[in-house]
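Given below as structure tokens:
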């Protein structure tokens with residue numbers, strides 16, 4: 001899909017204002033500039049950045065409720081995907097977005113993006129004993145089971161986990177050990193017919 005059509009979709013279907021689209025464009029410009037020196041995204045995805053990265057991340061928004069006083073954590077954020085797209089979409093100052101990234105190089109890049117939108121930069125998730133978060137989002141981070149291990153060990157209850165996954169999503173779900181503390185559902189990706197979005201809801205114990 002062409003970038004102009006994606007921008008139209010973001011505006012009409014996901015409520016991105018013109019101001020927010022300008023912020024997304026500024027982010028994309030910086031991302032591509034930094035990618036000349038640092039490996040933030042795959043070189044082969046640069047020409048399709050709006051579809052492969054921006055729209056792919058933006059589709060998560062329909063599973064979020066920005067109206068509440070909550071915290072969203074992007075684990076293994078890398079270049080800020082999907083956390084930065086979510087941060088730009090958010091209008092509620094009481095809805096906090098935190099990006100967890102272990103790489104100092106990528107954290108320096110994320111600091112540049114704080115000129116565009118508001119979010120908090122955190123280090124490696126394993127540096128923290130407890131992570132207070134209502135939402136966890138992940139993209140190109142880890143397999144499903146290790147993500148759930150982090151959820152059990154470090155994140156307060158209850159919370160929702162939203163994971164952008166490729167064609168192995170269903171197989172990963174089938175291999176999970178039974179755990180009555182979690183409920184799962186899947187949604188189709190709008191950017192790749194073979195990919196899925198996994199939503200895992202952790203209940204109160």
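Numbering (the numbering used here), first residue to last: 1 to 205. C-beta atoms are modelled at their ideal positions from N, C-alpha and C, and glycine is treated no differently.
Query: Is the distance from the Cβ of residue 117 to the Cβ of residue 88 below 7 Å?; Result: yes
Query: Quick one: residues in its chain with C-beta nearer than 6 Å to the C-beta of residue 98, no 5 flanking neighbours on either side, listed in chain order?; Result: 73, 120, 122
Query: Does the distance from the C-beta atom of residue 106 to that of residue 78 stay below 7 Å?; Result: yes
Query: In terms of alpha-carbon separation, which member of 156, 113, 185 lies closest to residue 33?; Result: 113
Query: I'd like the ranges of any beta strand (DSSP E) spanning at least 3 consecutive residues and lying wholly in the region 142 to 180.; Result: 159 to 165
Query: Are the beta-carbon atoms of residue 154 and residue 136 separated by less than 7 Å?; Result: no
Query: Given residue 127, which residues of its chain have a CB within under 7 Å of its CB, disregarding the five upstream and five downstream residues?; Result: none
Query: In the DSSP assignment, what residue or residues form a beta bridge with residue 202?; Result: 159, 182
Query: For residue 208 and residue 14, I'd like the C-alpha separation in whole angstroms.; Result: For residue 208 there is no data in the structure shown, the boundaries of the chain being 1 and 205.
Query: Between which residues of its own chain and residue 40 is the CB-CB distance below 8 Å, once the five residues before and five after are set aside?; Result: 31, 34, 78, 79, 106, 109
Query: Where residue 143 and residue 63 are concerned, what is the direct C-alpha to C-alpha distance, given to the nearest angstrom?; Result: 20 Å
Query: Select from 152, 165, 51 the residue whose C-alpha is nearest the C-alpha of residue 9.; Result: 51
Query: Look at the Cβ atom of residue 166, then the Cβ atom of residue 195, and state whether they are nearer than 7 Å.; Result: yes
Query: Should residue 151 and residue 183 be called a contact, given that it needs their Cβ atoms to be closer than 7 Å?; Result: no
Query: Please check the pair residue 28 and residue 49, which I expect to be a contact at CB under 8 Å, by giving their CB distance rounded to whole angstroms.; Result: 6 Å
Query: If you run the structure through DSSP and keep just helix, strand and coil, what is residue 38?; Result: coil
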